[in-house]
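Below is one structure; the comments refer to it alone.
There are 2 protein chains.
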Amino acid sequence: MKRPTIADVARRAGVSKGAVSYALNGQPGVSEATRQRIVAIAAEIGFSPSSAARALSGATAEAVGLALCRPARILGIEPFFMELISGVEAELSARSYALTLQVVADQDAEIAVYRRWWGERRVDGVLVCDLRSDDRRIPALEQLQLPAVVIGGPGGTGELASVWSDDAAALTEAVAYLAALGHRRIARVGGLPDLRHTEIRTEAFAEVCRRLGLVDAVTVWSDYSGEEGGRATRRLLSSAQRPTAVIYDNDVMAIAGLSVAQEMGLSVPGDLSIVAWDDSPLCRLVHPPLTALGRDIPAYGAHAARRLLDVIAGQPATRVQDETPHLTPRGSTAPPRAR
Amino acid sequence: MKRPTIADVARRAGVSKGAVSYALNGQPGVSEATRQRIVAIAAEIGFSPSSAARALSGATAEAVGLALCRPARILGIEPFFMELISGVEAELSARSYALTLQVVADQDAEIAVYRRWWGERRVDGVLVCDLRSDDRRIPALEQLQLPAVVIGGPGGTGELASVWSDDAAALTEAVAYLAALGHRRIARVGGLPDLRHTEIRTEAFAEVCRRLGLVDAVTVWSDYSGEEGGRATRRLLSSAQRPTAVIYDNDVMAIAGLSVAQEMGLSVPGDLSIVAWDDSPLCRLVHPPLTALGRDIPAYGAHAARRLLDVIAGQPATRVQDETPHLTPRGSTAPPRAR
DNA sequence: GACGTTGACTGAACCGGATAAGTGAGGCCA
DNA sequence: TGGCCTCACTTATCCGGTTCAGTCAACGTC
Numbered sequence: 066m067k068r069p070t071i072a073d074v075a076r077r078a079g080v081s082k083g084a085v086s087y088a089l090n091g092q093p094g095v096s097e098a099t100r101q102r103i104v105a106i107a108a109e110i111g112f113s114p115s116s117a118a119r120a121l122s123g124a125t126a127e128a129v130g131l132a133l134c135r136p137a138r139i140l141g142i143e144p145f146f147m148e149l150i151s152g153v154e155a156e157l158s159a160r161s162y163a164l165t166l167q168v169v170a171d172q173d174a175e176i177a178v179y180r181r182w183w184g185e186r187r188v189d190g191v192l193v194c195d196l197r198s199d200d201r202r203i204p205a206l207e208q209l210q211l212p213a214v215v216i217g218g219p220g221g222t223g224e225l226a227s228v229w230s231d232d233a234a235a236l237t238e239a240v241a242y243l244a245a246l247g248h249r250r251i252a253r254v255g256g257l258p259d260l261r262h263t264e265i266r267t268e269a270f271a272e273v274c275r276r277l278g279l280v281d282a283v284t285v286w287s288d289y290s291g292e293e294g295g296r297a298t299r300r301l302l303s304s305a306q307r308p309t310a311v312i313y314d315n316d317v318m319a320i321a322g323l324s325v326a327q328e329m330g331l332s333v334p335g336d337l338s339i340v341a342w343d344d345s346p347l348c349r350l351v352h353p354p355l356t357a358l359g360r361d362i363p364a365y366g367a368h369a370a371r372r373l374l375d376v377i378a379g380q381p382a383t384r385v386q387d388e389t390p391h392l393t394p395r396g397s398t399a400p401p402r403a404r
Numbered sequence: 066m067k068r069p070t071i072a073d074v075a076r077r078a079g080v081s082k083g084a085v086s087y088a089l090n091g092q093p094g095v096s097e098a099t100r101q102r103i104v105a106i107a108a109e110i111g112f113s114p115s116s117a118a119r120a121l122s123g124a125t126a127e128a129v130g131l132a133l134c135r136p137a138r139i140l141g142i143e144p145f146f147m148e149l150i151s152g153v154e155a156e157l158s159a160r161s162y163a164l165t166l167q168v169v170a171d172q173d174a175e176i177a178v179y180r181r182w183w184g185e186r187r188v189d190g191v192l193v194c195d196l197r198s199d200d201r202r203i204p205a206l207e208q209l210q211l212p213a214v215v216i217g218g219p220g221g222t223g224e225l226a227s228v229w230s231d232d233a234a235a236l237t238e239a240v241a242y243l244a245a246l247g248h249r250r251i252a253r254v255g256g257l258p259d260l261r262h263t264e265i266r267t268e269a270f271a272e273v274c275r276r277l278g279l280v281d282a283v284t285v286w287s288d289y290s291g292e293e294g295g296r297a298t299r300r301l302l303s304s305a306q307r308p309t310a311v312i313y314d315n316d317v318m319a320i321a322g323l324s325v326a327q328e329m330g331l332s333v334p335g336d337l338s339i340v341a342w343d344d345s346p347l348c349r350l351v352h353p354p355l356t357a358l359g360r361d362i363p364a365y366g367a368h369a370a371r372r373l374l375d376v377i378a379g380q381p382a383t384r385v386q387d388e389t390p391h392l393t394p395r396g397s398t399a400p401p402r403a404r
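Okay, structure coming up:
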């Protein structure tokens with residue numbers, strides 16, 4: 066089917082292309098009667114302006130990009146990204162912006178994608194996930210002058226705009242809660258150690274444990290996968306002075322940990338309390354349901370998308386704080402059993 | 066930063082825009098020496114052709130669209146879509162096609178998105194998920210003449226190209242396996258009843274149960290969420306003649322079902338065998354690990370993407386079969402305990 | 001040496017919009 | 001009645017590529 070162009074609308078309305086453009090974009094320069102006639106004709110023949118042509122003259126692509134740097138296996142199982150995308154998308158499509166997605170293998174590939182997208186004028190800006198400590202993408206984006214919003218921080222985002230949540234406060238709340246229940250040996254299974262938020266959580270964990278006098282506080286690192294989470298748990302629970310509570314950096318590892326504990330004959334929460342980060346519906350699926358640090362991830366994504374549109378519109382690149390994750394106690398935490 | 070255009074390259078090379086275009090696209094019309102000089106200059110100043118300008122003259126957007134019609138909550142928790150997207154993306158980015166994503170509320174919104182994308186020339190084709198029985202999107206796409214590949218079937222895809230997997234055979238295999246273990250009362254918790262593949266599985270389930278003489282075969286419907294899956298399981302297990310095995314249409318519901326069974330004091334697999342559809346890593350996280358009908362979902366997505374690019378290139382719209390899901394027995398299935 | 005052929009390029013048109021500059025009719029005012 | 005302004009348009013240009021139709025020099029050919 067031949068797709069109608071602005072010239073088709075103009076011909077049927079008996080006016081020039083320019084008049085049609087003014088009419089459909091709400092610009093002055095046409096009478097109200099003519100505008101309505103043109104709008105009606107456009108609707109009738111199903112005209113929508115070519116985004117390419119519009120981008121070419123208007124210089125705006127009406128699209129933003131999101132590059133994801135995780136293997137398919139982990140992307141699939143972690144609800145985080147899909148929920149984030151849903152939120153981003155809801156905000157974007159409300160303003161008829163498109164979302165362009167790409168999965169990349171590493172940071173260099175990601176930088177190359179940004180460079181290409183910007184060169185091709187395919188996107189007006191990008192959202193940056195998985196902020197790392199000393200992240201090479203930040204200077205690259207600054208150099209390109211590609212509008213961007215970093216999802217993560219605080220800190221390490223250079224001159225770029227960012228949206229961050231206070232993971233340190235959330236972790237502190239979780240540790241304080243466990244300590245109040247009577248736990249003295251708390252361990253943590255962290256995510257990828259070079260992610261900035263892992264670093265932040267690790268520091269906060271050390272700090273609060275020191276403050277509360279919890280001496281055996283140990284952090285082990287993992288890669289967010291269930292396999293690794295399970296292995297880390299097995300290692301922790303096999304040690305001489307095994308912890309009475311474990312905090313996991315995502316829900317998938319927490320579920321794997323729960324499974325390992327039960328397999329080793331430990332009762333949860335009797336022998337071991339478990340706290341998960343990222344309160345997805347998964348946490349309520351297992352038995353006992355997991356105490357979790359949750360937040361509204363689609364809202365987080367929507368927030369970031371909104372900020373990106375602001376930055377694209379020329380507003381200053383600020384660092385704004387999103388909701389702090391809050392603890393939802395469920396069946397997986399209880400006072401430690403006296404031994 | 067000012068982004069370089071073809072004119073910048075032409076100026077520095079001392080040739081016309083046309084020559085640059087020929088050189089970079091491997092067209093005849095420039096000498097090999099000049100071509101190499103132009104390519105070197107383009108690389109040096111970091112030129113990548115504007116996708117908008119190219120789309121405007123070449124009439125191809127170098128992008129394909131994917132609209133997802135599920136609430137954020139379910140999109141997030143089901144690994145299926147994210148894995149599918151990874152696979153699609155891998156195939157597309159290898160040919161430097163972009164993927165444009167949109168989450169929609171319902172079929173009408175989805176049709177409107179297709180209409181807009183096509184009108185705006187934003188995409189060259191689309192992938193269609195979640196095929197329904199008597200799907201309104203099919204005639205709409207046919208009418209638009211928008212290149213499309215339906216992920217689903219067989220049947221109900223009209224004149225459109227499709228990639229499908231033989232769910233009926235897979236379900237038959239699972240039932241036969243349970244029957245061989247000695248199960249006589251097998252139930253099934255299905256997904257959304259108006260999805261085509263739910264229908265196909267339901268028919269296959271009825272058929273194989275009839276053939277094997279399993280009279281109490283009952284199917285209940287759900288919405289793929291853990292809550293609903295758990296509720297359905299509770300209902301099934303509370304009935305007078307409770308089943309000794311349940312087949313779930315996705316892994317999330319299976320995990321919820323496992324949890325409900327254990328909560329009701331039933332042992333899995335002693336009192337109840339469980340089979341999950343979609344063998345994501347989740348199935349190996351829980352205890353006991355779930356017997357599952359799995360397949361390579363990223364490969365499925367890649368396959369569909371490849372077909373879409375073929376259709377865009379003008380090849381005939383065929384219906385091709387992908388891998389049939391295969392059963393991986395794990396700890397959640399065993400012969401029924403004699404009562 | 002006149003003629004056709006080929007190769008290597010240039011110039012210009014075109015894609016479909018946005019938009020600045022120009023035009024002509026009508027109204028207002030002195 | 002002439003001059004000026006505003007309104008409602010039209011015309012022309014531009015965005016950055018692709019591509020077709022020339023142009024022009026070098027070459028081979030009889």
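In the order they appear, the protein sequences are chains A and B. Residue numbering for the first sequence follows the working numbering, beginning at 66 and increasing consecutively. Residue numbering for the second sequence follows the working numbering, beginning at 66 and increasing consecutively. Virtual Cβ for every residue (Gly too), placed ideally from N, Cα, C.
Given residue i, which residues of its chain have a CB within under 6 Å of its CB, disregarding the five upstream and five downstream residues?
i	result
alanine 357(A)	Ala341, Asp344, Cys348, Thr393
arginine 360(A)	Glu388, Pro390
asparagine 315(A)	Tyr289, Trp342, Asp343
alanine 370(B)	Val153, Glu156, Leu157
leucine 246(A)	Pro400
arginine 201(B)	Gln172
tryptophan 286(A)	Gly255, Pro258
If distances are taken between C-alpha atoms only, which option among the options comes closest to residue i?
i	options	result
alanine 155(A)	Arg138(A), Gly396(A), His368(A), Leu350(A)	His368(A)
proline 377(A)	Arg119(A), Ala126(A), Ala98(A), Met147(A)	What sits at residue 377(A) in the sequence shown is isoleucine, not proline. Residue Ala126(A) is the option with its Cα nearest to isoleucine 377(A).
leucine 243(B)	Arg102(B), Val273(B), Gly91(B)	Val273(B)
arginine 100(A)	Ala75(A), Ser115(A), Ser116(A)	Ala75(A)
isoleucine 103(A)	Ser115(A), Ser86(A), Pro93(A)	Ser86(A)
proline 346(A)	Ile142(A), Ala98(A), Lys82(A)	Ile142(A)
cysteine 194(A)	Met147(A), Ala235(A), Arg181(A), Thr237(A)	Met147(A)
glycine 379(A)	Gln210(A), Met318(A), Val333(A), Gly330(A)	Gln210(A)
valine 168(B)	Leu225(A), Val95(A), Arg202(A), Ser161(A)	Ser161(A)
proline 258(B)	Glu268(B), Ser332(B), Ile106(B), Arg250(B)	Glu268(B)
alanine 271(B)	Tyr313(B), Leu236(B), Ser122(B), Pro381(B)	Leu236(B)
aspartate 189(A)	Gly322(B), Ser115(B), Val283(B)	Ser115(B)
leucine 373(B)	Ser227(B), Ile251(B), Glu109(B)	Ser227(B)
leucine 355(A)	Gly79(A), Thr284(A), Pro136(A), Thr398(A)	Thr398(A)
glutamine 386(B)	Leu302(B), Ala297(B), Gly218(B)	Gly218(B)
Within a Cβ cutoff of 8 Å, which residues of the same chain sit near residue i, ignoring the five residues on either side of it in sequence?
i	result
alanine 120(B)	Ala126, Glu127, Arg186
proline 204(B)	Gly223
Kindly list, in the order they appear in chain A, the residues whose Cβ is closer than 8 Å to that of residue i.
i	result
proline 144(B)	Gly141, Ile142
glutamine 172(B)	Neighbours of glutamine 172(B) on chain A: none; closest Cβ ~16 Å, over 8 Å.
glycine 152(B)	Ala137
leucine 257(B)	Within 8 Å Cβ-Cβ: nothing; leucine 257(B) doesn't reach chain A, min ~17 Å.
proline 390(B)	The contacting residues do not exist; proline 390(B) stays about 16 Å from chain A at best.
Starting from residue i, find everything on chain A with Cβ-Cβ shorter than 7 Å and list it in chain order.
i	result
arginine 187(B)	Ser116, Ala163
alanine 155(B)	Val168
glutamate 148(B)	Ala137, Gly141
serine 332(B)	Those within 7 Å of serine 332(B) in chain A number zero; the least Cβ separation is about 13 Å.
In chain B, which residues lie less than 8 Å from residue i when you measure between Cβ atoms?
i	result
proline 204(A)	Chain B residues near proline 204(A): none, gap ~13 Å exceeds 8 Å.
arginine 201(A)	Here the premise fails: no neighbours, minimum Cβ distance about 17 Å.
Report back the beta-carbon spacing between residue i and residue j to the nearest angstrom; my notes put them in contact at under 8 Å.
i	j	result
isoleucine 150(A)	leucine 166(B)	7 Å
arginine 261(B)	leucine 192(B)	No, arginine 261(B) and leucine 192(B) are not in contact; Cβ-Cβ is about 15 Å, not under 8 Å.
By the 10 Å Cβ neighbour count, where 16 or more other Cβ atoms means buried, how is residue i classified, buried or exposed?
i	result
glutamate 328(A)	exposed
glycine 123(A)	exposed
isoleucine 312(A)	buried
threonine 383(B)	exposed
Going along chain B, which residues have a C-beta under 9 Å from residue i?
i	result
glutamine 327(A)	His352
arginine 395(A)	Residues of chain B passing the Cβ test: none, with the nearest at roughly 13 Å.
Grab me the residues of residue i's own chain with a C-beta within less than 7 Å of its C-beta, minus the 5 sequence neighbours each way, in chain order.
i	result
alanine 403(B)	none
Quick check: does the Cβ of residue i come within less than 7 Å of any heavy atom belonging to the ligand GDP?
i	result
aspartate 173(B)	In the structure shown, the ligand GDP is absent, as is every other ligand, since no ligand is present at all.
I want to verify the contact list: residues of chain A whose CB lies under 9 Å from the CB of residue i, in sequence order.
i	result
alanine 405(B)	Outside the shown range of chain B (66 to 404) lies residue 405(B), about which nothing can therefore be said.
leucine 121(B)	Ser115, Ala117, Ala118, Ala120, Leu121
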